[in-house]
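A.B. asks: Start counting the sequence shown at 1; every next residue gets the next number (full-length UniProt numbering).
Glycine residues also receive a C-beta, built at the ideal position from the N, C-alpha and C atoms.
Once you've had a glance at the structure underneath, I'll fire off some questions.
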Amino acid sequence: MLIVSEIGEIRERSERVGFEVVTLDGRTAPLASTTTSGPESLRWPTVGKYKVDVASFESLALPELQVREDTDLFIIDEVGRMELYSSSFFPAVLNVLESHIPVLASIPIPKFGRDIPGVARLRNHPGATIFTLSQSNRDAVKEEVYSILVDKIIRCTSFAMVENDLAVSCISLVSKY
């Protein structure tokens, strides 16, 4: 079984107005939006212009991060500032990393030399390998990451990756341009 949780953009016309969590089987839940204006959203944390719907995010993402015997690979896009407003998300990610099930995840590149504390912990996880993606190297990195994942799944079922960064360890972290 492959467990996937990714973040997709929500667009109205050509403008990005939010993000949603998307599972491998196509289920979605809002993560953040610029258009939410209900009374409950007044208490939601913000990242830039986006209000983060932590409860909605947790309702879909946290069950996907449960370690199960039949799980061969976790894919998490991404472990970033919005996701880390959930007090339960980071411990769930750490639990996955400690499970020795391969994880392909993405983490943001540090901005202005500062890293998000939880992301820094993943970046420095024992055995982590960081790949920084650019338009010029993304195809080569894709092949390298694929080879590592296949090897890890076949050999020991232990790998991890993070957006904008890929973590191998039986963990690897990848970084986007």
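To the nearest angstrom, how far is the alpha carbon of residue 86 from that of residue 58?
C.D. replies: 7 Å
A.B. asks: Let's see if you can read the secondary structure: which residues bound the alpha helix (DSSP H) around residue 112?
C.D. replies: Counting along the chain, residue 112 falls outside any alpha helix (DSSP H), and DSSP gives it neither H nor E.
A.B. asks: Give a yes or no on whether the C-beta atoms belonging to residue 104 and residue 60 are separated by under 8 Å.
C.D. replies: no
A.B. asks: Starting from the Cα of residue 81, find the closest Cα among 13, 107, 69 and 10 and give me that residue.
C.D. replies: 107
A.B. asks: What three-state label does DSSP hand residue 43 in the structure shown?
C.D. replies: helix
A.B. asks: Please list the segments of the beta strand (DSSP E) lying wholly inside the region 18–84, counting only runs of 3 or more residues, in order along the chain.
C.D. replies: 28–33, 50–52 and 73–77
A.B. asks: Measure from the alpha carbon of residue 9 to the alpha carbon of each residue in 50, 152 and 136, then state which is nearest.
C.D. replies: 50
A.B. asks: Pick from 21, 130 and 114: whose alpha carbon is nearest that of residue 63?
C.D. replies: 21
A.B. asks: For residue 96, count neighbouring C-beta atoms within 10 Å of its own C-beta (all shown protein chains included) and say buried if the count is 16 or more, exposed if not.
C.D. replies: Its Cβ being crowded by 16 or more others within 10 Å, residue 96 is buried.
A.B. asks: Just checking my contact of residue 52 with residue 31 at CB under 8 Å: how many whole Å lie between their CB atoms?
C.D. replies: 7 Å
A.B. asks: Measure the C-alpha to C-alpha separation of residue 37 and residue 124 and round it to an integer number of angstroms.
C.D. replies: 38 Å
A.B. asks: Let me know if residue 70 comes out buried or exposed under the rule of 16 or more other beta-carbons within 10 Å of its beta-carbon.
C.D. replies: exposed
A.B. asks: Taking residue 104 as part of the beta strand (DSSP E), name the residues at either end of that continuous run.
C.D. replies: 103–106
A.B. asks: When you compare each of 25, 83 and 79 to residue 45 by their alpha carbons, which one comes out closest?
C.D. replies: 83
A.B. asks: Let me check understanding here. Comparing Cα to Cα, which of 12, 47 and 13 lies closest to residue 116?
C.D. replies: 47
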